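Sequential numbering from 176 applies to the sequence shown in the numbering used here. Just so it is clear, CB atoms sit at the ideal spot from N, CA and C, and this is done for glycine as well. Keep in mind the model is a prediction, meaning the values are calculated, not measured. Some notes on the structure that comes next.
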Amino acid sequence: MRRGRFLLIVGGLLILATVGLLAFYFLTAGGPSPAPAAGGTPEGTAVATEAPPVPTRKVLIAVQDIPPCMEILPDAVAEWEIPEKDIPDDVVLTKEEILGPGMHPIAMEPILRGEPVAHSVLSSREEIMRQGLDSACLIPKGKVAVAFPVTQLSSVAYAVQPGDRVDVLASVSFVDLDAEYQLKLPVILTGGEDCMAGCQPSGEQRERTLTQLTVQDVEVLMVGPWGAGIPFPPEAVPSAEVTPVPGEGEGPPTTATGGAKTYTMVVLLVSPQDALVLKWFRENGALIDLALRSGEAGGDHDLFSTEPVTMEYMVRRFGMAPPPKLDYGMENKFELQEAGTTGAAQ
176 MRRGRFLLIV
186 GGLLILATVG
196 LLAFYFLTAG
206 GPSPAPAAGG
216 TPEGTAVATE
226 APPVPTRKVL
236 IAVQDIPPCM
246 EILPDAVAEW
256 EIPEKDIPDD
266 VVLTKEEILG
276 PGMHPIAMEP
286 ILRGEPVAHS
296 VLSSREEIMR
306 QGLDSACLIP
316 KGKVAVAFPV
326 TQLSSVAYAV
336 QPGDRVDVLA
346 SVSFVDLDAE
356 YQLKLPVILT
366 GGEDCMAGCQ
376 PSGEQRERTL
386 TQLTVQDVEV
396 LMVGPWGAGI
406 PFPPEAVPSA
416 EVTPVPGEGE
426 GPPTTATGGA
436 KTYTMVVLLV
446 SPQDALVLKW
456 FRENGALIDL
466 ALRSGEAGGD
476 HDLFSTEPVT
486 MEYMVRRFGM
496 APPPKLDYGM
506 ENKFELQEAG
516 TTGAAQ
């Protein structure tokens, strides 16, 4: 009996403890939900907020790595939406800004793939020629640029312009030399009677001229000096005002049109070997003229094989036989008249 009564007491205590724990739980954590706040969200409930959208803008970016001095082609760039925070101030927005008709932009700094293209890293052939900076960017791989002096006659009356193709016509003169002394023949030996066996008649040797078509299909990179402010292409220099002489005409003074586009040198793009040929011509007194090639239908790039022109060639081709020697001749009346006029003026 005592044991059964003890078990009942223990069971009752356990039931009371369980009920107490349940009541404490519901009162502290499991009670009714608090009333909603004014905004409709229950008090004490965390609210998930969406991040604001990042503003973007469509600009021109590089779709490949563009190294310095590379001309930017249409397939190297594309218009793309990027965050505005990554956009430089002078960004290029569309292809038309830099790839319009006749435009050939050149990257002056490396542009990595995915980077926006900025105006500050771009230049052009015309701008490089005007400023005279980064000139090496205009020289294709495998070519070198050499300067060559020209005149109005040798430059086809200043018709040669950047981008043209020209051929180099050269005339050189040959003379006979003494192999030992490397002097023009005849060599006059000094020493009086002791050199009778080796003495030769005196007299000036005539040079023998040869003219030939040499370096062909050469691209003209530049006319005039770099960075001299010469426009691209060079503009005509206005001619001086022409004032009529009294009695020869009437009307106000007129200005001649079509002034000469003057320069004294051209820059040619040639192979390293042809650069040596041009240097040899210049340093050995060759007479050089440039022949302008046709620009029709993309230009003429054919290479020609020509026969050197000498005195023998001219006589053979045109029948230019020397005339017979006579005991009389003709005087040039024009020279006599000019000499008399000059003497009277003095």
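Taking 8 Å as the cut-off, the Cβ atoms of Gln448 and Val398 do not count as close.
Judged by DSSP in its simplified three-state form, Leu352 adopts strand. Annotation: Gln357 to Phe493 spans about 35 Å, alpha carbon to alpha carbon. In the DSSP annotation of this structure, the continuous segment of the beta strand (DSSP E) that includes Asp464 starts and ends at 462-467.
For Pro258, the enclosing beta strand (DSSP E) stretches over residues 252-258. Within the model, the alpha-carbon separation for Glu284 versus Glu301 is close to 17 Å.
Distance from the CA atom of Ile241 to the CA atom of Lys316, rounded to whole angstroms, is 16 Å. Beta-bridge partners of Phe323 (DSSP): Val441. The DSSP-derived three-state label of Ser299 is coil. Using a C-beta cut-off of 8 Å, the region 320-328 makes contact with the region 436-447, since at least three inter-stretch Cβ pairs fall below that distance. Taking C-alpha positions only, Ile363 is separated from Thr481 by approximately 39 Å. The beta carbon of Leu462 is closer than 6 Å to those of Ser346 in its chain, skipping five residues each way along the sequence.
Residue range 447-458 is occupied by the alpha helix (DSSP H) that includes Leu451.
Taking C-beta atoms as the reference points, Thr231 and Glu256 count as a pair closer than 8 Å. Pro280 counts as buried, since no fewer than 16 other beta carbons sit within 10 angstroms of its beta carbon.
For Met397, the enclosing beta strand (DSSP E) covers residues 393-398.
Residue environment: Asp342 is assigned as buried (16 or more neighbouring CB atoms within 10 Å of its CB, all protein chains considered). Take the alpha-carbon of Thr193 and the one of Gly187: they are about 10 Å apart. Bounds of the alpha helix (DSSP H) holding Arg492 are 486-493. With fewer than 16 neighbouring CB atoms inside 10 Å of its own CB, Leu360 falls in the exposed class. Boundaries of the beta strand (DSSP E) harbouring Ile236: 231-237, taken from the DSSP string.
In the structure shown, Ile314 adopts coil according to DSSP, grouped into three states.
Contact check for Ala282 and Pro243: beta-carbon distance about 6 Å, within the 8 Å limit, so the pair qualifies.
Taking Tyr333 as reference, the option from Gly195, Tyr438, Met304, Leu235 with the minimal CA-CA separation is Tyr438.
DSSP, read as helix, strand or coil, puts Leu501 in coil. Using a Cβ distance threshold of 8 Å, Lys270 and Glu290 do not count as a contacting pair. For Leu465, the closest alpha carbon among the candidates Val490, Gln391, Met489, Leu501 is that of Gln391. Shown here for Gln239: same chain residues with a beta carbon closer than 6 Å to its own, the five before and five after excluded, namely Ala251, Arg288 in chain order.
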